[in-house]
Amino acid sequence: GAVVSQHPSWVICKSGTSVKIECRSLDFQATTMFWYRQFPKQSLMLMATSNEGSKATYEQGVEKDKFLINHASLTLSTLTVTSAHPEDSSFYICSARDPMGPPLSAFFGQGTRLTVV
Amino acid sequence: GENVEQHPSTLSVQEGDSAVIKCTYSDSASNYFPWYKQELGKGPQLIIDIRSNVGEKKDQRIAVTLNKTAKHFSLHITETQPEDSAVYFCAARMNRDDKIIFGKGTRLHILP
């Protein structure tokens, strides 16, 4: 099946700094990617929809100035957590749909564990 | 928007027995219902899915049923094995916006 890759798989950063997470579709082009956030022992919460060549669409309650999303190419979307604080520590997961693959199916990356100290 | 409820939150099953996880959804426009398995520290992995024009789908030990009228769908795992221990998420997707909304998850423990 289609492969979605995230980098890094884990990152530790100091409070107040910014960190960038990459999401790549390895063998297909994705016009749309999705970013999720997962706290320990909780479900995946959709943060935003990343659209290639246009602005991301954020879910209610998600600060767009804090979670910057850039989808500059058909195979790469990035999520930048700006001025990170300990409460931003979480598991961030992206997903993408292969438009040439089975309709409606989505594939997920392996996730990025962010720890802000 | 869509809301997905999932039960139970935790399930312990003797190895070899069957496990059933149930979900309900709120938006009748949802037309795709995937199930994901997530192991510790990893992203969700699609294990089976069902579209709204189908009532049941089976893949070896895993089956999913869908009742569109009642807006609920279930995951059935037969002959459970230790490697089935994980967190399972149901989800629903609406065709109009492509978003996948997850249930809260079920932590499945397979007891030896």
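Residue numbers (this note's numbering), protein chains in the order written: chain A, 1 to 117; chain B, 1 to 112.
Think of the CB as a built atom: it goes at the ideal place given N, C-alpha and C, for glycine as much as any other residue.
Just so you know, these numbers come straight off a predicted model, no measurement behind them.
Item, Value
"Taking buried to mean at least 16 other C-beta atoms within 10 Å of its own C-beta, is B/ARG93 buried or exposed?", "buried"
"Under 7 angstroms, Cβ to Cβ, is there at least one residue of chain B near A/ILE21?", "no"
"When you compare each of B/ASP27, B/ALA29, B/ASN3, B/PRO34 to B/TYR88 by their alpha carbons, which one comes out closest?", "B/PRO34"
"Please state the DSSP three-state secondary structure of A/PRO99.", "coil"
"Determine which residues share a DSSP beta bridge with A/LEU74 and list them.", "Note: A/LEU74 sits in no beta bridge, so no partner."
"Assign A/ASP88 to one of two classes, buried (16 or more other C-beta atoms within 10 Å of its C-beta) or exposed (fewer than that).", "buried"
"Where does B/ASP17 sit, in a helix, a strand or coil, going by DSSP?", "coil"
"Do B/ARG51 and B/TYR32 come within 7 angstroms of each other at the CB atom, strictly closer than that value?", "yes"
"Going along the chain, which residues of its own chain have a beta-carbon closer than 8 angstroms to the beta-carbon of A/GLY111, five neighbours each way excluded?", "GLN6, SER9, GLN38, PHE91, TYR92, ILE93"
"Would you list, in chain order, the members of the segment 12–45 of chain B that have their beta-carbon closer than 8 angstroms to a beta-carbon of chain A?", "ASN31, TYR32, PRO34, TYR36, GLY41, LYS42, GLY43, PRO44, GLN45"
"Whose Cβ in chain A lies nearer than 7 angstroms to the Cβ of B/PHE102?", "SER43, LEU44"
"Answer with buried or exposed for A/VAL117, where buried requires no fewer than 16 other C-beta atoms within 10 angstroms of its C-beta.", "exposed"
"Output yes if chain A places a C-beta closer than 7 angstroms to the C-beta of B/GLY105; else output no.", "yes"
"By how many angstroms is the C-alpha of A/CYS13 removed from the C-alpha of B/SER28?", "43 angstroms"
"Assign B/GLU83 to one of three DSSP states: helix, strand, or coil.", "helix"
"Is it true that the segment 50–65 of chain A meets the segment 4–11 of chain B, where meeting means three or more beta-carbon pairs spaced less than 8 angstroms apart?", "no"
"With H, G and I counted as helix, E and B as strand and the rest as coil, what does DSSP make of B/PRO112?", "coil"
"List the residues that DSSP assigns as beta-bridge partners of A/GLN38.", "A/LEU44, A/PHE91"
"Does A/ILE93 come within less than 7 angstroms of chain B when only Cβ atoms are used?", "yes"
"Give the straight-line distance between the Cα atoms of A/CYS23 and B/ARG107, rounded to the nearest whole angstrom.", "27 angstroms"
"Counting only Cβ-Cβ distances shorter than 8 angstroms, please list the residues of the segment 67–87 of chain B near chain A, keeping chain order.", "none"
"Which residues does DSSP list as the beta-bridge partners of A/PHE107?", "A/ALA96"
"So for B/PRO44, helix, strand or coil by DSSP?", "coil"
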